[in-house]
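Same order as they appear, the protein sequences are chains A and B. When we follow our numbering, the leftmost residue of the first sequence carries the number -15, and every step to the right adds one. When we follow our numbering, the leftmost residue of the second sequence carries the number 103, and every step to the right adds one. Note that the Cβ used here is the ideal one computed from N, Cα and C, for glycine as well. Notes to accompany the following structure.
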Amino acid sequence: MLKLTIENISKTFKDKQAVTGFSAELSEGVYALLGPNGAGKTTLMRMLADILNPSSGRILLDGNDISIMGNRYRDILGYLPQEFGLYRNFTAIRFLSYFARLKGLNKQETTTRVDEVLELVNLQKDRKRKLKTYSGGMKRRLGIAQALLNDPKLLIVDEPTAGLDPQERVRFRNLLSEIAGDRIVLLSTHIVSDIEYIAKEVLLMRQGTLIQRSTSEQLLDNVKDKVWKCTVEQNALSQLQKRYKVGNIQRAETGIEVRIVSDQQPLADAVNVTPTLEDVYLYFFNEEVTDDVQTGML
Amino acid sequence: MYKQECYKIFTRKSLYLTFLLFIFFMLLPDGSHSIRQTSTYQSLYDEWRGPLTATEIDMANERLMKLEEQVDREMAEADELEGVFPKSIEDQAAHSVYVSVIQAGENINWFEARKENLRDKAFHPTETAYQAEVAQMEFELLQQLNEPIGFYQTTTWSSTVDFINTLGFIFLTVLIILGLAPVFADEHSQKVASLIVSTKFGKTKVAFAKIFASITYIGVLFVSLHVINVLIEISKFGRFVDGTVPLQNLYLFIQSPFSLTIWQYYALALGIQLLASLMIGLLVLFLSIITRHAMLTFFISGTIIGTPVLFRQLGLDQQLIQHMTQFSYAELMRVKGLVDQFIVFRLLGQPILYPYLLIAVFLLIASLNVLLIYWQYRNQQIVN
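Here's what the structure looks like:
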């Protein structure tokens, strides 16, 4: 059984501490890395992808230091960064073939595997188009395809669904569920719904540190009895937003239906509701759920 | 991997546009070979071609005097005050041959005097033992030349050889920098570096694939540019003749101490320029890795290569600047400076010929460059 051990790693850029003493042990399954912007998720993922050296600490795969494993580690790795570019003059086939060779696939394996991943991300019919004509969503799907080329045992994907439409997002979620069986998948996202049903565990990160590691159920349990729903007048909304962590706001016939995360009952007519991971996010990070999160709830 | 790296380089439109612009410059007319096509030139060429005797040189002097008298007379009769050259193309051809023969005669005298002077310095030394050794070295090289200077038709060769140290040097350098500056830098500006570096061979083999693709680009560029130049030279000045005569018959190489025929020098110069192109390529690749910015690489490479040329143009002759110029990428790329004079450097008390030392130094720099490229690439960190 594959085991990735992150041993007290830190990363400092000049005066800024991006990651501080992060430790975790991951075995096969999907892990979600959740945290606000600037939490250090991307830096952590870069270190795990062996493109950035930690300032201190070690990363071990089955007990072997990845900095010593080098090629052998990257051979089982699939990585999709948050921001990446493509060669404008390449077609999808050329692009994937190039990466297949970089990942050590031979000519025959390259042909077969490129076809397979193009099918997986639904780009078969656009495979001969120049990448400069691709939309943002298509580019991201191609990025996902390149990460899967070598059938990686360790898949690290940083905000993989950003820019994907809801249908593509569902497709990607299902794809991750399908392939997660015998590999480690580490996924960072702002979109809580991406991980709600597929993550084995959620790792919450804030200011470079791991603040909590639990299953989705345990996280939801943390905020049980702390999520409230009530209906208020339009003019009371801004006051409410100042005093509480307000989540979903929905217009209803009787006023505005508001979802609030609070230790105490915020209003007399507020009723306890079943929490979601979005509420967990709001509870831990004390900030409004981003547009992406809300879109993710659609 | 190598094929795709080549594809990345060869699909840049800007390279083709620049190349075409340079070809346009090469096509601009800068001479004519109509004089050499006249019957007068051909008969005089047949008569005097080869090493010259004192009688032939005297004859050329006499005929030139007569021709100039004739030109003066014609000018007086026509009451013309301007113009010192003959009017008819046949007379112009004769004038050109006489002047060339007389000039060659002066060069022969100068060459013999130089040998005598060196013989004195080498075998009756009045200065240090090292200086006597240097003089003997030069003398022995000149001895191998026998009678190098004569009357030959070298215009096409001269122009072709000159291309190497003038336009050829400039065009190749610009196209190499333009083509290779983005090789590593663009992976960062296009945000593909993180994808590449996280792959199995993304820190190792890909660096070599990029180096080999760059070498391929330089090779293709080099061959294309020189083949096109040869064709243009032939169309401008006619076919190549007298390539088997000593190099000293080319005006720029009168002082050269090396025993080479013109075509041997041309082949050698092409070889050295190709080597220099590869070395410049490695420099650009290294800068491309460390700056991660194609434009910055372009300017830094341009400055490193262009500064010694600028010093030379400004006529700065302080010893340090002279050494900087002599041991520069530009000087290696131009080739001419390696061969056109006798220059030695003292190394461990022994005189070492400048071209050998220069090539040795740059081979060392190039090996170091390859190691640095690999090391830098392997250890690069992707932070954004």
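Checking contacts by CB at 8 Å: is residue i closer than that to chain B?
{"i": "residue 91/A", "result": "no"}
{"i": "residue 41/A", "result": "no"}
{"i": "residue 67/A", "result": "yes"}
{"i": "residue 164/A", "result": "no"}
{"i": "residue 76/A", "result": "no"}
{"i": "residue 73/A", "result": "yes"}
{"i": "residue 167/A", "result": "no"}
{"i": "residue 83/A", "result": "yes"}
{"i": "residue 231/A", "result": "no"}
{"i": "residue 48/A", "result": "no"}
Can you list, in chain order, the residues of its chain whose CB lies under 7 Å from that of residue i, leaving out five sequence neighbours each side?
{"i": "residue 290/B", "result": "394"}
{"i": "residue 315/B", "result": "104, 107, 108 and 111"}
{"i": "residue 275/B", "result": "382, 407 and 435"}
{"i": "residue 352/B", "result": "256, 259, 260, 263 and 364"}
{"i": "residue 203/B", "result": "150, 154, 158, 159, 162 and 253"}
{"i": "residue 159/A", "result": "104"}
{"i": "residue 152/A", "result": "121 and 125"}
Please work out which residues of its chain come closer than 6 Å, Cβ to Cβ, to residue i, disregarding the five sequence neighbours upstream and downstream, and give them in chain order.
{"i": "residue 361/B", "result": "246 and 247"}
{"i": "residue 49/A", "result": "42"}
{"i": "residue 127/A", "result": "64 and 68"}
Taking the alpha-carbon positions, what's the residue i to residue j distance?
{"i": "residue 571/B", "j": "residue 401/B", "result": "The structure shown does not extend to residue 571/B, since chain B is modelled only from 103 to 486, so the question has no answer here."}
{"i": "residue 232/A", "j": "residue 255/A", "result": "15 Å"}
{"i": "residue 127/B", "j": "residue 380/B", "result": "24 Å"}
{"i": "residue 364/B", "j": "residue 242/B", "result": "20 Å"}
{"i": "residue 91/A", "j": "residue 135/A", "result": "16 Å"}
{"i": "residue 311/B", "j": "residue 226/B", "result": "58 Å"}
{"i": "residue 466/B", "j": "residue 106/A", "result": "52 Å"}
{"i": "residue 173/A", "j": "residue 75/A", "result": "28 Å"}
{"i": "residue 354/B", "j": "residue 442/B", "result": "7 Å"}
{"i": "residue 6/A", "j": "residue 130/A", "result": "28 Å"}
{"i": "residue 223/A", "j": "residue 176/A", "result": "26 Å"}
{"i": "residue 84/A", "j": "residue 463/B", "result": "40 Å"}
{"i": "residue 368/B", "j": "residue 69/A", "result": "46 Å"}
{"i": "residue 244/A", "j": "residue 263/A", "result": "8 Å"}
{"i": "residue 233/B", "j": "residue 207/B", "result": "30 Å"}
{"i": "residue 113/B", "j": "residue 111/A", "result": "19 Å"}
{"i": "residue 392/B", "j": "residue 281/B", "result": "17 Å"}
{"i": "residue 99/B", "j": "residue 349/B", "result": "Here chain B has residues from 103 to 486 only, and residue 99/B is not among them."}
{"i": "residue 276/A", "j": "residue -11/A", "result": "Reliability fails at residue 276/A, whose pLDDT of 42 lies under 50, so the model's placement of it is uncertain and the value that follows must be treated cautiously. Their Cα atoms are separated by approximately 31 Å."}
{"i": "residue 250/B", "j": "residue 347/B", "result": "8 Å"}
Under the three-state reduction of DSSP, which class applies to residue i: helix, strand or coil?
{"i": "residue 343/B", "result": "coil"}
{"i": "residue 216/B", "result": "helix"}
{"i": "residue 2/A", "result": "strand"}
{"i": "residue 213/A", "result": "strand"}
{"i": "residue 376/B", "result": "helix"}
{"i": "residue 147/A", "result": "coil"}
{"i": "residue 140/A", "result": "strand"}
{"i": "residue 72/A", "result": "coil"}
{"i": "residue 284/B", "result": "helix"}
{"i": "residue 414/B", "result": "helix"}
{"i": "residue 275/A", "result": "Because residue 275/A sits at a pLDDT of 41, beneath the cut-off of 50, its placement in the model cannot be relied upon, and the point is left open."}
{"i": "residue 366/A", "result": "Because chain A spans -15 through 282 in this model, residue 366/A falls outside it and cannot be assessed."}
{"i": "residue 252/A", "result": "coil"}
{"i": "residue 445/B", "result": "coil"}
{"i": "residue 245/B", "result": "helix"}
{"i": "residue -3/A", "result": "strand"}
{"i": "residue 271/B", "result": "helix"}
How about residue i: is its C-beta nearer than 8 Å to some C-beta of chain A?
{"i": "residue 119/B", "result": "no"}
{"i": "residue 113/B", "result": "yes"}
{"i": "residue 265/B", "result": "no"}
{"i": "residue 276/B", "result": "no"}
{"i": "residue 281/B", "result": "no"}
{"i": "residue 397/B", "result": "no"}
{"i": "residue 297/B", "result": "yes"}
{"i": "residue 293/B", "result": "yes"}
{"i": "residue 485/B", "result": "yes"}
{"i": "residue 213/B", "result": "no"}
Only counting the same chain, and skipping five residues up and downstream in sequence, which positions put a Cβ closer than 8 Å to that of residue i?
{"i": "residue 180/A", "result": "200, 260 and 261"}
{"i": "residue 274/A", "result": "For residue 274/A, the pLDDT reaches just 44, beneath the cut-off of 50, and the residue's location in the model is therefore unreliable, although a value from the coordinates is still provided. Result list for residue 274/A: 174, in chain order."}
Is it a yes or a no for the segment 1 to 12 of chain A touching the segment 160 to 179 of chain A, going by three-plus beta-carbon pairs under 8 Å? As far as the Cβ criterion goes, the segment 1 to 12 of chain A touches the segment 160 to 179 of chain A, which means the pair count is three or higher.
Give the residues from the segment 112 to 146 of chain A that approach chain E closer than 7 Å (Cβ to any Cβ), ordered along the chain. In the structure shown, chain E does not exist; the protein chains are A and B.
I'd like to know if the segment 191 to 205 of chain B and the segment 139 to 158 of chain B are in contact, where contact means that at least 3 CB-CB pairs between them fall below 8 Å. Output reads yes: the segment 139 to 158 of chain B touches the segment 191 to 205 of chain B.
(Q) Check whether the segment -5 to 9 of chain A and the segment 20 to 37 of chain A touch, using three or more Cβ-Cβ pairs below 8 Å as the test. (A) Contact between the segment -5 to 9 of chain A and the segment 20 to 37 of chain A is present: three or more C-beta pairs spanning the two stretches fall below 8 Å.
Specify whether the segment 265 to 272 of chain B and the segment 324 to 343 of chain B touch according to this definition: at least 3 beta carbon pairs, one from each stretch, less than 8 Å apart. Because the criterion of three Cβ pairs below 8 Å is met, the segment 265 to 272 of chain B and the segment 324 to 343 of chain B touch.
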